[in-house]
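Undergrad: Attaching a single structure in structure tokens format; questions to follow.
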Amino acid sequence: MKKILVTGSLGQIGSELVPALRKRYGRDNVVATDIRMPATIELRDDGPFEFLDVVDPHHITRVMQIYDVGTVYHLAAVLSATAESRPNIAWQINMNGLYNMLEAARQYHCSMFVPSSIGAFGPSTPRDNTPQDTIQRPGTIYGVTKVAGELLCDYYYVRFGLDTRGVRFPGLISHVTEPGGGTTDYAVSIFYEAIKHRKFTCYLRSDTQLDMMYMPDAVRAMIDVMEADPSKLVHRNSFNVTAMSFTPSQLADEIRKHFADFVISYDVDTVRQNIADSWPNYMDDSAARSEWGWKPEYDLPRMTLDMIDVLSRRLVGQHEKQPS
Ligand code: SER
Numbered sequence: 000m001k002k003i004l005v006t007g008s009l010g011q012i013g014s015e016l017v018p019a020l021r022k023r024y025g026r027d028n029v030v031a032t033d034i035r036m037p038a039t040i041e042l043r044d045d046g047p048f049e050f051l052d053v054v055d056p057h058h059i060t061r062v063m064q065i066y067d068v069g070t071v072y073h074l075a076a077v078l079s080a081t082a083e084s085r086p087n088i089a090w091q092i093n094m095n096g097l098y099n100m101l102e103a104a105r106q107y108h109c110s111m112f113v114p115s116s117i118g119a120f121g122p123s124t125p126r127d128n129t130p131q132d133t134i135q136r137p138g139t140i141y142g143v144t145k146v147a148g149e150l151l152c153d154y155y156y157v158r159f160g161l162d163t164r165g166v167r168f169p170g171l172i173s174h175v176t177e178p179g180g181g182t183t184d185y186a187v188s189i190f191y192e193a194i195k196h197r198k199f200t201c202y203l204r205s206d207t208q209l210d211m212m213y214m215p216d217a218v219r220a221m222i223d224v225m226e227a228d229p230s231k232l233v234h235r236n237s238f239n240v241t242a243m244s245f246t247p248s249q250l251a252d253e254i255r256k257h258f259a260d261f262v263i264s265y266d267v268d269t270v271r272q273n274i275a276d277s278w279p280n281y282m283d284d285s286a287a288r289s290e291w292g293w294k295p296e297y298d299l300p301r302m303t304l305d306m307i308d309v310l311s312r313r314l315v316g317q318h319e320k321q322p323s
């Protein structure tokens, strides 16, 4: 079979997507790439790995020439808060990196998955039950790159027949790798702090409602949309997908069902609050449900239970290994 190439494979999504792809399609059929080297020998021995900076087209060509790539999962990108503090880097990676990968996919006849985000919406978008096709005028550089990315992927499909597909992810919650530089990251950090210290200071207001998804559902969404019957796809590059929608206060209530003494306090960061305030409360994901059968498995209680279960065992294990 032709190889599957994953960019940004050591990031929050790639760290869980790569093992899932290897389990499904075979270890040697999935080429992981990143601008960092894997931190452990175990990760290095898990399957093929290549150093790849998506901003440099020569790097991409080199890797494409080594492997017979048929599918690309292009995950290399910076998240919303980092993008806001370094717009130039955000444009370089999110836009130029995407353009370079699309060009390589076109040249080497690959299909390509590109994640978009709730960040592709803005303050003038309807906040409740946000439609699949609606106003997209984001006020962040992250949002600008996400809308432009959706359009660019549509363009490559219409203009060159490149099989591009993608989803608009909500905040992703995971326990393998922590996210970096996102606005929704509080929903990951809160679990570490709840388990370790039974308290958490949140940088978003208590009533900030946002869509979220647990990583096993996100991984399934990426694989399912790429395996979907192309004749059924109308939207291709920008499917709304969601699994749950909650506020920091509601997440804290759910955590309190496991740790009754858990306390949340608030110290609002205006940059991230403004970003969150411009994003939907909850999206309508019926197009993904009807066009390729999207259906999440994890709601708020089930995700919380699993996060606490897995992280508690890991963090207690780490604690026991500490020298006294
Ligand atoms: N989770 C991302 C962020 O917060 C949104 O796609 O930036």
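So the sequence shown is residues 0 to 323, counted in numbering that gives the first Met the number 0.
Every residue gets a Cβ at the ideal spot worked out from N, C-alpha and C, and that includes glycine.
So, do the segment 210-218 and the segment 285-292 have three or more beta carbon pairs nearer to each other than 8 Å?
TA: Counting Cβ pairs under 8 Å, fewer than three are found: no touch.
Undergrad: Among Pro56, Gly10, Leu20, which one has its Cα closest to the Cα of Pro37?
TA: Checking every option, the nearest Cα to that of Pro37 belongs to Gly10.
Undergrad: Can you tell me whether DSSP reads Leu161 as helix, strand or coil?
TA: Residue state, collapsed to three classes: coil.
Undergrad: Cα separation between Pro322 and Ser311?
TA: Below a pLDDT of 50, predicted positions are generally treated as unreliable, and Pro322, at 48, falls in that range; no measurement from the model is reported.
Undergrad: Does the beta-carbon of Gln325 have 16 or more other beta-carbons within 10 angstroms, so that it is buried, or is it exposed?
TA: Coverage of the chain is limited to positions 0 through 323, which leaves residue 325 absent and any answer about it impossible.
Undergrad: Between Thr129, Val157, Gly121, Tyr156, which lies nearest to Tyr141 when the distance is taken from Cα to Cα?
TA: Of Thr129, Val157, Gly121, Tyr156, the residue nearest in Cα terms is Gly121.
Undergrad: With H, G and I counted as helix, E and B as strand and the rest as coil, what does DSSP make of Arg342?
TA: With the chain covering 0 to 323 only, the question about residue 342 has no answer from this structure.
Undergrad: What residues in its chain sit with their C-beta under 6 Å from that of Leu97, if we drop five residues either side in the sequence?
TA: Closer than 6 Å at the Cβ level, and outside the excluded window around Leu97, lie Gly148.
Undergrad: Residues in the same chain with beta-carbon distance under 7 Å from Asp67, minus the five sequence neighbours each way, listed in chain order, please.
TA: So the qualifying residues of the chain are Lys1, Lys2.
Undergrad: Which residue comes first and which comes last in the alpha helix (DSSP H) that contains Asp132?
TA: Segment: none, Asp132 is in no alpha helix (DSSP H) and carries neither H nor E.
Undergrad: Run the proximity test for Gly179: is its beta-carbon closer than 7 Å to any non-hydrogen atom belonging to ligand 2?
TA: Ligands displayed in this structure: ligand 1; ligand 2 is not among them.
Undergrad: Classify Thr39 as buried or exposed, calling it buried when 16 or more other Cβ atoms lie within 10 Å of its own Cβ.
TA: When all chains shown are included, Thr39 counts as exposed.
Undergrad: Is any non-hydrogen atom of ligand 1 found closer than 7 Å to the C-beta of Leu101, if you look at the structure I gave you?
TA: Every heavy atom of ligand 1 is 7 Å or more from the Cβ of Leu101, so no.
Undergrad: DSSP state of Gly179, grouped into three classes?
TA: Three-state DSSP puts Gly179 in coil, outside helix and strand.
Undergrad: Do you know how far the Cα of Val262 is from the Cα of Arg235?
TA: Cα-Cα distance, rounded: 42 Å.
Undergrad: For His174, is the classification buried or exposed, using 16 other Cβ atoms within 10 angstroms of its Cβ as the cut-off for buried?
TA: Under this definition His174 is a buried residue.
Undergrad: Using only the heavy atoms of ligand 1, determine whether one of them is closer than 7 Å to the beta carbon of Asp184.
TA: Under cutoff, so the answer is yes.
Undergrad: Kindly list the residues whose CB is nearer than 6 Å to the CB of Thr182, restricted to its own chain and excluding five residues on each side of it in sequence; keep chain order.
TA: If we look at Thr182 and ignore the five residues flanking it on each side, its Cβ neighbours are Ser79, Ala80, Arg271, Ile274, Ala275.
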